[in-house]
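J.: If you're matching them up, the sequences are chains B and U in order.
First residue of the first sequence: 1, per our numbering; consecutive thereafter.
First residue of the second sequence: 190, per our numbering; consecutive thereafter.
The beta carbon of each residue, even a glycine, is placed where N, CA and C say it ideally should be.
Pasting in a structure now, in C-alpha cells, and then I'll have a few things to ask.
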Amino acid sequence: MTTLLQVQNLQARSREGKNLSPAVNFELQEGEVLFLRGENGAGKSTLLKTLLGLHKYFTGNFRFGVDKKSVQYLPQLGNLHFHLPLSLRDMLPAEAVDSPLLKGLDLQKKWNTASGGERQKILLAAVLASKPSVLVLDEPFNHVDKESAQTIEQALGRFLKENPRSSLMIVSHRAFIQEWPHVRFLEIR
Amino acid sequence: MNSFWELLQIYRWSLPASVLMAGVLALIGAQWTAREKSAQIFVLGQGSSLGIVLGLAINLLLGTDYHGLSLAIGLSLGWLTLLISDLLIETRADRNHIYLTLFVFFLSLTYLLTALTPALESHMASSYFGDIAVMSDFGAQACLLLGLLFGGFLLWQWRSLSAVSFQLVNHSFIHRNPYNRLFDLGTLLLTTMAIQSMGYLYTMGSLFIATSFAAQRSENLKSYTRKLLWIAFLGSFLGFSVSLLSTNLPTVPCVLIGQMLVGFLFYTKK
C-alpha cells in the first residue's frame, strides 16, 4: 500500500504563535477513509487548511506522496454570494456533466439562488470528475437537506468503489449509513 | 458631418485604443471584483500613478524625455503595492480601511511631488483626470497591441479565471495556476499603461462601471461577458464620439458617462 500523506507533530498556529490545534501524527494510505473528529473549535478545519497550504503558520511537518494536483478540497459550505452571475452549468467541467449527482438539478439556475444541497452537489461533482487521489472534505453535509445528504453520501461511496486507490479525509459529525472500506478515525482534542 | 470624419481621422489610433482598452479593463475589473479585491486594484492604480508622476519629475529634473522611465517606475511601484497588499494586508479581515489609508498616502505623495515640481502640474492633471484626445500615436498603438494580446488571453482563459476567482473567495484555491499568474502580471502592466496613456479616472471607471451593471441581470457567464463587452465598447465609442462633436466636452468624463448610460440601458432591459 502506498502512503499518500505523512504527518508528523503537525500543529496549526496563529500568526502570533498561539496554538490553534493539538499536535497530530498520522498517515493516510491509499484506499483509506480518515475521519477527523472532535469538538467545535478543536482545530480540525485549520489542520486541513494547513495541509492544503491555505493556513501558513504551523510547526511539525507533512509530506504528500502524490502530486498536489491530484488533491482536491471542498471547504465548509458558507452562504457565498459570488459577484459573477455563474449558472450551475458554468461551474462544471465538461467531464462532470454526466455525474449522477446532478440528476434532477436545473443547471440553468444561478449559483447565487441555488440551495445548499444544490451547491454542494455541483461542487462535489466538479471535484469528483477529476478523480482525485486524495479528496479532502470539510463538513460536506452542513447546510444540506436530508435527501441531498444521502445523495452525496452515495456518490462518495460510489467514487471510492470505482477508484479503490483514492483516499478520503473528511471532517463530519454525521453518522454514515453506508459501510465504507478501510475507515479510520482521528480524534482531535 | 465632414468635420466629424476629419476628427475621426485625427484620432484614428486613440479612438480604437481607448475603446479596446475599456473592454479589456472591464474584463480585468470583473475578475478583480469577483475576487473581492476592488479596493486593492484602486490602490494599485494610485501606486502606479505615483510612479508615473515620479518618472515625469525625474525627466524634468534631468532635462530628458524618456517616456519609458515613467512606465518603468509606475510598474515598479504598482508591483510593490501588489506585493505589500498580498503579503501584509490581504489576509486581514479589516483590510478595507488599510487600503484606503494607503490610497490617501499615495495621493498625498503624488500631490507633494507635484507641489515641489510646479512644471508637473499640467502633467498631474492629465495623469489623474486623463486626456485621451492628446494621447500620442505611439502610446495608442502600444495600448492597442497589448490590449489585443491580453484581451485575447482573457477571453481564451475566461472560464478558468472565473473558476479561480470563485475558489479564491470560497477559500479553496489550492493549486497553482500559471494562467492566473499571467493574469496578475497582465493586470499590472495593462493598468499601468492605461493610467499613463489615458489617466487614472478613465482606468478606474473602465475597470468597474461595466461589471457593476452587467452582473445584475445576467443569466450566466456567457451572457454576462457579452453584456460587459457591449457596455465597455459601445459606451466608450459613443462617449468619445460625443466629446469630438463639441470643443467644450472633455473626453474621459464623456467616455465614462457613455459607459454608464449604456450600462443603465442593459440594466433596464429585461
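Quick one: which chain B residues come within Cβ less than 9 Å of Leu366 (chain U)?
T.: The identity of residue 366 (chain U) in the sequence shown is Asn, whereas the question assumes Leu. By Cβ distance, chain B contributes nothing, its closest Cβ being about 10 Å from Asn366 (chain U), past 9 Å.
J.: What does Phe82 (chain B) reach in chain U if we use C-beta pairs closer than 7 Å?
T.: Ala223, Phe355 and Val358
J.: So which residues of chain U does Arg89 (chain B) contact, with C-beta pairs closer than 8 Å?
T.: Asn409
J.: Could one say the Cβ of Pro75 (chain B) lies closer than 7 Å to chain D's Cβ atoms, at least one of them?
T.: Although the question refers to chain D, the structure presented lacks it and instead comprises the protein chains B and U.
J.: Tell me the rounded alpha-carbon separation between Leu427 (chain U) and Ile273 (chain U).
T.: Linking Leu427 (chain U) to Ile273 (chain U) through their CA atoms gives a straight-line distance of about 38 Å.
J.: Which runs of the beta strand (DSSP E) at least 3 residues long sit entirely within the region 38–101 of chain B? Give them in chain order.
T.: 58–64 and 71–74
J.: Below 7 Å between beta carbons: does that hold for Ala211 (chain U) and Ser407 (chain U)?
T.: no
J.: Could you run through the region 207–234 of chain U and flag, in chain order, every residue whose CB is less than 9 Å away from some CB of chain B?
T.: Ala219, Gln220, Thr222, Ala223, Arg224 and Glu225
J.: Name, in chain order, the residues that DSSP records as bridge partners for Met169 (chain B).
T.: Beta-bridge pairing links Met169 (chain B) to B:Leu34 and B:Val136.
J.: Looking only at DSSP bridge pairs, what is Thr3 (chain B) linked to?
T.: B:Gln29
J.: Checking contacts by CB at 7 Å: is Ser237 (chain U) closer than that to chain B?
T.: no
J.: Using 7 Å as the threshold, is the C-beta distance between Val71 (chain B) and Val183 (chain B) below it?
T.: no
J.: Given a cut-off of 7 Å on the beta-carbon distance, is the pair Gly236 (chain U) and Ile262 (chain U) in contact?
T.: No, these two residues do not count as a Cβ contact at 7 Å.
J.: Using a Cβ cut-off of 7 Å, which residues of the region 44–59 of chain B contact any Cβ in chain U, in chain order?
T.: Leu52, Gly53 and Leu54
J.: So which of B:Lys121, B:Ala23 and B:Trp180 has the shortest CA-CA distance to Phe141 (chain B)?
T.: B:Lys121
J.: For Ala383 (chain U), which of helix, strand or coil comes out of DSSP?
T.: The three-state secondary structure of Ala383 (chain U), taken from DSSP, is helix.
J.: Under a three-way DSSP split, which group does Lys110 (chain B) fall into?
T.: strand
J.: If you reduce the DSSP assignment to three classes, tell me which class Leu438 (chain U) lands in.
T.: coil
J.: In whole angstroms, what separates the C-alpha of Leu333 (chain U) from that of Leu209 (chain U)?
T.: 7 Å
J.: Please return the same chain residues whose Cβ sits closer than 6 Å to the Cβ of Gln152 (chain U), not counting the five positions on each side in sequence.
T.: Chain U is shown from 190 up to 459; residue 152 (chain U) falls before or after that span and cannot be answered.
J.: Do you know offhand how far Tyr288 (chain U)'s Cα is from Pro100 (chain B)'s?
T.: 45 Å
J.: Taking the CB atoms as reference points, tell me whether Leu377 (chain U) and Gly267 (chain U) lie closer together than 7 Å.
T.: yes
J.: Looking only at C-alpha atoms, which of U:Ala206, U:Val353 and U:Pro367 sits nearest to Leu337 (chain U)?
T.: U:Ala206
J.: At which residues does the alpha helix (DSSP H) containing Glu187 (chain B) begin and terminate?
T.: Counting along the chain, Glu187 (chain B) falls outside any alpha helix (DSSP H), though it belongs to the beta strand (DSSP E) covering Val183 to Glu187.
J.: Does the CB of Pro132 (chain B) have a neighbour CB from chain U at under 7 Å?
T.: no
J.: Given Gly116 (chain B), which residues of its chain have a CB within under 7 Å of its CB, disregarding the five upstream and five downstream residues?
T.: Here the set comprises Leu77, His143 and Val144.
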